[in-house]
Amino acid sequence: MLENPVFSCFVFYSTLLILKMYIIAIITGQVRLRRKAFANPEDAMRHGGEQFCRTDPCVERCRRAHINDMENIFPFLFLGAIYSMTEPSLAVAKGHFLVFFLGRLVHSVAYLCALKAPTRSVAYTIAQVPCVSMVVQILMAVASFA
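If you count by UniProt numbering, then the sequence shown holds residues 1 to 146, one letter each, in order.
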């Protein structure tokens with residue numbers, strides 16, 4: 001499969017996206033430790049006491065960024081894999097994958113750093129364009145078989 005240049009490109013950008021998700025998870029954990037805001041009593045007890053089993057706005061912002069990634073990156077992983085099988089042009093496919101990756105990267109930075117609106121919304125929308133394009137192309141490719 002990696003001999004297919006489109007699929008290899010997809011694997012490259014997908015791996016970067018998963019790495020970005022891991023980084024956000026690590027950031028969330030570090031913010032929890034720094035803010036002493038733990039989700040589980042046993043973690044709170046280990047780090048100072050039951051009073052630290054609480055929510056915190058900064059931790060919640062990190063968690064929402066991570067959840068938003070899961071809501072958007074997981075569908076991209078499915079769509080990109082199927083799209084890669086439709087034999088698209090390498091340049092067009094690379095454009096789809098790159099735009100999605102950059103859109104999600106900017107979205108995460110905007111979310112974590114609380115950048116001024118509409119930065120996050122624009123990044124989200126830009127990242128959705130290649131997904132919609134891939135959906136249309138997949139449906140056109142398989143329509144004759146349905």
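Every residue gets a Cβ at the ideal spot worked out from N, C-alpha and C, and that includes glycine.
For clarity, every value in this text was computed on a predicted model and none was experimentally measured.
Just verifying my parser: in three-state terms, what is the DSSP assignment at residue 9? Shown here, residue 9 sits in a helix according to DSSP, grouped into three states.
Answer yes or no: do residue 35 and residue 56 have a C-beta to C-beta separation smaller than 8 Å? Yes. Within cutoff.
Where does residue 113 fall in DSSP's three states? The answer is coil: DSSP assigns residue 113 none of H, G, I, E or B.
Leaving out five residues on either side along the sequence, give the residues of the same chain with a beta carbon under 6 Å from the beta carbon of residue 75. The answer is none, since no qualifying residue turns up.
What does DSSP give as the partner residue(s) for residue 38 in the beta ladder? 53, per the DSSP bridge assignment.
In angstroms with no decimal places, state the Cα-to-Cα distance between residue 95 and residue 46. When rounded, the separation of the alpha-carbon atoms in residue 95 and residue 46 is 47 Å.
Under three-state DSSP, which class holds residue 60? Looking at residue 60 - three-state DSSP - the assignment turns out to be helix.
Please report how far the alpha carbon of residue 101 lies from the alpha carbon of residue 127, in whole angstroms. Cα-Cα distance, rounded: 7 Å.
Same chain, Cβ closer than 6 Å to residue 31, five either side skipped, listed in chain order: The residues are 58, 59 and 62.
With three or more C-beta pairs closer than 8 Å as the rule, is the segment 81-90 touching the segment 5-13? Under the Cβ criterion (8 Å, minimum of three pairs), the segment 5-13 counts as touching the segment 81-90.
Helix or strand or just coil, what does DSSP make of residue 47? The answer is coil: DSSP assigns residue 47 none of H, G, I, E or B.
What's the call for residue 108, buried or exposed, on a 16-neighbour Cβ count within 10 Å? Counting C-beta atoms within 10 angstroms of its own C-beta, residue 108 has 16 or more neighbours from the protein chains shown and is therefore classed as buried.
Supposed close pair residue 110, residue 123 - CB separation, criterion 8 Å: Their Cβ separation, rounded to whole angstroms, is 6 Å, which keeps residue 110 and residue 123 in contact under 8 Å.
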